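Protein chains in written order, with the numbering used here: chain A, 1 to 324; chain B, 325 to 593; chain C, 594 to 1134. Using N, Cα and C, we set each Cβ at its ideal position, and we do this for glycine too. Please read these numbers as outputs of a predicted model, since none were measured by experiment.
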């Protein structure tokens, strides 16, 4: 329990540091944000109004970054994510970041989740079968296939999938999309191929990792003990080796979470999915920093939280740690 | 129980060397000479399928894809090499000091590494680009910084492991200076582990660089880049699928070649 | 009855077991002794059907009650073996920690034996396991049953392994160095347990060990192996008292024993003061000794502390005392033995004397330049990326940097390194080699050379011979004594092996829980130990 508390504490510290870094980094970027929103020939009153809305000024006075950070953080904690520099809701009102992000988040999250499901469902059986296989040729073929799959960038894989399944086989409409609000089934259907593009290189990686982990475990002393009891190879594999070999794999899966989120963001571009990835990239391109700040914070939160969960899971499955 | 006598050379090493060698060679040549100009456009030669004249066909402006791939390959490899160099050196220095001495500095560096590690690398690079601005040097700098933590982790771990090794205790006992212990006594012992992460790092740098230029935040035109070519080609997937295939397969070629090469090295020892 | 007939085993064309013939009758303990690489473990593993699949049987066969288990030219019949493994023949391994599956409760691991070979129900299985746990001397059996291996002590783990081996009352138990990884006192208990089991169950036991003393204590018959061959076999008493073969004799001679006469370097160094009247080594004599022989180290009221916990600078640090109020002297040319169970503070005390632990109180006065150390493990005490020459020169370079006046030219260093190489008994050709190209004994020689090259008067030797085979062990001890005489060295000699200490040391210091409980001349301590603790320590080895 004390360990959990400690972990939770570092989690919060990390998030705090990230938020400070994200906020301050964009404060030092040169450029007149207000001027570029209101236009050159706007009245000073309008300029001040926008500056106050964006949180740069209060009652005609400029605020220090520290004060602005505190206010921003306070807002974030209360669910107020600030307003965008670029998007306007109406003539005189900037678009709140919350509304901007709102319906884009589920797309990215679902994409990451489906990718993860693919990875776990395919890589683990594949790794086990591979570790068990005695056939030299099958072993070599799997080696070459996984090595190649690991070398393919996910966006290129996405393009290939679009070409083969979208254009040649017409299994989906390239660039098409159904909102999850309208038709959840269709929505998931549109995510399958993008998820495959994210997952395939990681499946290869994980399967290789599991296989190597199992082969290493097979050389352990306890495996010899199991054989000395009269266990068959099958029993040794499933009864003794698999559980031990899975330990590092769990950590590995946790570690690639960040990569999956990154992969999802890139893959949204390929398939034209309206997720946060595209928003992030367009915000970076247009220097819409409030949006970027919130997205950074959000992604970090998700990733670190998953790390935290993996850590707990690890403690549950590995008795050596949980007892200490 | 000796190893097989042909341990020096294996299929992985040979295949990897050939693939990597070809890519590097073409990339280097591409800096000085290409079969066709990489910028000259031609309305009459648009979207030509691969032929003897244009090995990889031509693109939407009638430019020779093979020539452009050569150029892009060179850019990508050079950027990746610089990224690895930059992050590797800083990683060794930080990892050595934090691992061997521990203490407050170690704690600070580890917190930062944790935070950076929790963040998808390509995204962090994007954020840094948005701060630094686009361009080749900034891509190197951004990716270099992004990859530092992975090296710090590995180097630090090795230094912690070896810090208490008997032969290091003995060196301390002899009165060998701290810097000499770090870089003469310990460092050569971590190279085998470090080398592996350099290989992985190089491939990651290639993938990240092409990913960034695919998203339009990497190397900017007129510099040719494989990622940018891919994103251009995507619009013409129906009419000219070879356009996308050329830069895409080139990336696969480089990364696969290099990972076969490193696998070969790994199996040799 | 188990027979190994003419067995030869090869790995990739190299025979590691050659024409071995062994026979085991019911109720008999057969010891197979030999140094590392003698093929004793491969023989046992082949017999158990556990040798790796790359091994080839090039001649001979293995018989179990007239059933041929394995025969040259035929592949391993796994299905046949599985019927015997566990049920008819079982094995106890050297390292109980790694030999048990770390993520399964030990009860389940023992149960597996019954699930594989019997039709008992769950409840019967459990009862049977608990009974067996009690039979092998485990306490609180229900707790043990539900424990993971890391929660048990080394001795308990080995008892669990033994429970697993005996639960089906097999005809043969193979024990491969079953006590090597354990502390001395635990070693004794496990040996007793194995002997009891053998007497009660009357099964055959194949006992593999490098330790001749152990083999002598427990085995009915002994087979001596060398380079894959059985050199000699026969009744234990015959082998030890009238060895026929040269190698057997050498092996027995190499074993340090209290029954053999000690060679004392002190006696040779100070013949006028020392050793002429062995019967009179008593208190008065010790005082007299102090007058004439110079001290090299004087330790007064030394306490050593350690910081608890991790490297985290923000966490609270608690200091706790690992050595308390130690006072003793080391004389020039003397070997002072330091004995005690693991964790008693031996290493901390030696580190304090070496100046490697800053958290001390009290006084250490040294009449020499910085003392050096010889480590236990010759494989980890030499930097693997350097050449032998570089390693021997490095101490001189370091000294030269610390003190300008001691700086040497590159040629002088080289000459000194060659000189030291000869002194430790190695030839010129080793100068350019890497440690990995040397054997364990050769490495330990280099290790000694590295410690001595700067000419310190005091050497801390932390178990310098316990990782070595007996014959090598004897050579290294001889070398250490030779150098001691030549260079008038003093050793602080740490060892868990009382017999080694007896052979090497002039005086012995006994430590327990951070305190020095007894200190005195070797003969004095051995013939008349004053402390109860010293007595048990002596008895257990």
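query, result
"Decide if the segment 814-825 of chain C is in contact with the segment 1064-1082 of chain C; the criterion is three or more beta carbon pairs, one per stretch, under 8 Å apart.", "no"
"Put residue 1089(C) into one of helix, strand or coil per three-state DSSP.", "coil"
"Considering only the alpha carbon of each residue, which of 282(A), 132(A) and 301(A) lies closest to residue 85(A)?", "282(A)"
"Quick one: list the residues of chain C neighbouring residue 489(B), beta-carbon separation under 7 Å, in chain order.", "973"
"Within the chosen definition, does the segment 707-720 of chain C reach the segment 645-660 of chain C through at least 3 CB pairs nearer than 8 Å?", "no"
"In chain A, which residues lie with their C-beta within 8 Å of the C-beta of residue 1129(C)?", "Per Cβ cutoff of 8 Å: no residues; residue 1129(C) is ~31 Å from chain A at best."
"Whole angstroms are fine: how far does the CA of residue 1027(C) sit from the CA of residue 361(B)?", "55 Å"
"Work out the CA separation of residue 1117(C) and residue 873(C) for me, nearest whole Å.", "Model confidence at residue 873(C) stands at a pLDDT of 43, short of 50, so the residue's coordinates are unreliable; what they give is reported in the following sentence. One C-alpha to the other measures close to 10 Å."
"Anything in chain F within Cβ reach of residue 222(A), meaning under 8 Å, just list it in chain order.", "Among the protein chains of the structure shown, namely A, B and C, there is no chain F."
"Run through the DSSP bridge pairs and tell me what residue 604(C) is partnered with.", "607(C) and 648(C)"
"With a threshold of 8 Å, are at least 3 pairs of Cβ atoms found where one atom belongs to the segment 792-802 of chain C and the other to the segment 748-768 of chain C?", "yes"
"With distances taken between CB atoms, is the gap from residue 758(C) to residue 700(C) smaller than 8 Å?", "no"
"Measuring only the C-alpha atoms, how far is residue 168(A) from residue 452(B)?", "39 Å"
"Can you have a look at residue 1003(C) and say buried or exposed, based on whether 16 or more other CB atoms are within 10 angstroms of its CB?", "exposed"
"Out of 148(A), 120(A) and 290(A), which one is the CA nearest neighbour of residue 572(B)?", "148(A)"
"If we call anything under 8 Å between Cβ atoms a contact, is residue 1009(C) one with residue 981(C)?", "no"
"What is the DSSP secondary structure of residue 640(C), counted as helix, strand or coil?", "helix"
"Quick check: is the beta carbon of residue 18(A) nearer than 8 Å to any beta carbon in chain B?", "yes"
"Straight-line CA distance for residue 904(C) to residue 809(C)?", "Legend: pLDDT at residue 904(C) = 48, less than 50; position of this residue unreliable, no value from coordinates given."
"Taking the alpha helix (DSSP H) that residue 564(B) falls in, what are its first and last residues?", "That residue, residue 564(B), is in no alpha helix (DSSP H); it is neither H nor E in DSSP."
"Taking C-beta to C-beta, are residue 105(A) and residue 249(A) nearer than 8 Å?", "no"
"Compute the distance between the beta-carbons of residue 625(C) and residue 633(C), then report whether it is under 8 Å.", "yes"
"Using a Cβ cut-off of 8 Å, pull out every chain C residue sitting near residue 455(B), in sequence order please.", "Within 8 Å Cβ-Cβ: nothing; residue 455(B) doesn't reach chain C, min ~31 Å."
"Shorter than 8 Å from the beta carbon of residue 287(A) to some beta carbon of chain B?", "yes"
"Any Cβ of chain C within less than 8 Å of the Cβ of residue 231(A)?", "yes"
"I want to verify the contact list: residues of chain B whose CB lies under 9 Å from the CB of residue 1007(C), in sequence order.", "Under the 9 Å cutoff, chain B gives no residues; its nearest Cβ is about 18 Å from residue 1007(C)."
"For residue 869(C), does the count of other Cβ atoms within 10 angstroms reach 16, so buried, or fall short, so exposed?", "No answer about residue 869(C) holds up, because its pLDDT of 42 lies below 50 and its placement is not dependable."
"For the 8 Å Cβ check, are there 3 or more pairs between the segment 440-447 of chain B and the segment 256-272 of chain A?", "yes"
"Using beta carbons (cut-off 8 Å, strictly below), is residue 870(C) in contact with chain B?", "Note that residue 870(C) scores a pLDDT of 42, beneath 50, so its modelled location is shaky and nothing firm can be said."
"Between the segment 201-227 of chain A and chain C, which residues of the former have CB atoms less than 8 Å from a CB of the latter, in chain order?", "220, 221, 222, 224, 225, 226 and 227"
"Return the residues of the segment 498-523 of chain B that lie within a Cβ-Cβ distance of less than 7 Å from chain C, sorted by chain order.", "498, 499, 500, 501, 509, 512 and 513"
"Less than 8 Å separating the beta-carbons of residue 989(C) and residue 1006(C)?", "yes"
"From the DSSP output, which residues share a beta bridge with residue 374(B)?", "Beta-bridge pairing links residue 374(B) to no other residue."
"To the nearest angstrom, how far is it from the Cα of residue 355(B) to the Cα of residue 180(A)?", "49 Å"
"I'd like the list of long-range same chain contacts for residue 921(C), defined as Cβ closer than 7 Å, with 5 residues on each side in sequence excluded.", "892, 1102, 1109 and 1112"
"Express the C-alpha separation of residue 477(B) and residue 411(B) in angstroms, rounding to a whole number.", "12 Å"
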